[in-house]
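In our numbering, the protein residues as written are 100 to 364.
Every residue gets a Cβ at the ideal spot worked out from N, C-alpha and C, and that includes glycine.
Since this is a predicted model, take the numbers as computed values, not measurements.
This report refers to the structure that appears directly beneath it.
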Amino acid sequence: PLLHPDWYRLMNYAADKGLIQGFCTSGMISRRTAQQVARLKDNFRLMGIHIDSVVPEAYSRVHLDGSTLEKKIRGYHYLLEAGVPPQQISGIITMSRAAVETIEETVDWFVDQMGSQSIVYVMFKGEGFGGGHESWEPATSEMRRACEYRAKKLGEHWLRLGTSEITMFYCRTMFNVNYRGQVLSCPVMRDRVMGNIFEEGLREIFERNRDALLFNFPIKGPCATCQNQDICFGCRATAYHYLGDVEASDPKCWLNPESPGEHVL
């Protein structure tokens, strides 16, 4: 969102309407932009910075330009120097095989050096630049190791999410409108489009597709009876991308006894 020419005005407008916001960024931001973000710190709950690994060799395996790692780290420091509280910044890691191999170093850096108290793991989906890179899929056992290490640093309660990104309450209370006007239940289910705001009203699209947009349907398989089913229903996007079934149990979670195995793709 920070690439939008009116992002600062839009966030101020949303704050004036009483909305508490959150947003994600690559981290490649200038000192001036960091200062603008800091002025809005009372208007957003959390911002995410996407850094897959702080180990240059691992980072370069999943990025076209390895030099962007240094730029992201610099932008992160700009935010802290400008006065954004460290607990308002969440680390975001796309869980490719390269990222998992260096997960301990990256999590330690986020928590011990940068002061983050939230690290979101986003399962590799094989979209965009990742398309055609099935070998990047992390093994289920590797995901378990990564999740257990995060829990060691941030608290055992993090294990209740399994390998999903966030609790089901987030997924069942929000939906997305992308830059093309497409209405989506999840930003990483790009072909699961429910309508377009340039063709009809958002209210009409939402009312017609409410249950599909908010995942208001029973989940099939072990996720439905998991001990953590009061807060987690598995990652719907992972089930969709790996199995082609948005209602299926999360195939990459080690808590799923019916998982297809270490690798699915």
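Looking at the DSSP output, leucine 145 sits in a beta bridge with Gly121.
By the beta-carbon neighbour count (other beta carbons within 10 angstroms, threshold 16), proline 237 is buried.
Partner residues in the beta bridge of glutamine 281, as assigned by DSSP, are Asn295.
The C-alpha of aspartate 207 lies about 42 angstroms from the C-alpha of leucine 301. In this structure, the alpha-carbon of histidine 103 lies about 9 angstroms from that of leucine 109.
Proximity of the region 194 to 212 to the region 151 to 168 meets the contact definition, three or more beta-carbon pairs being nearer than 8 angstroms.
Following the DSSP letters along the chain, one finds threonine 239 inside the alpha helix (DSSP H) bounded by residues 239 to 253.
9 angstroms or more divides the Cβ of threonine 266 from the Cβ of phenylalanine 223. As computed with DSSP, asparagine 275 is found in a beta bridge with Leu283. Pairing aspartate 310 with phenylalanine 316, the inter-Cα distance amounts to about 7 angstroms. Here DSSP, grouped into helix, strand and coil, assigns glycine 174 to helix.
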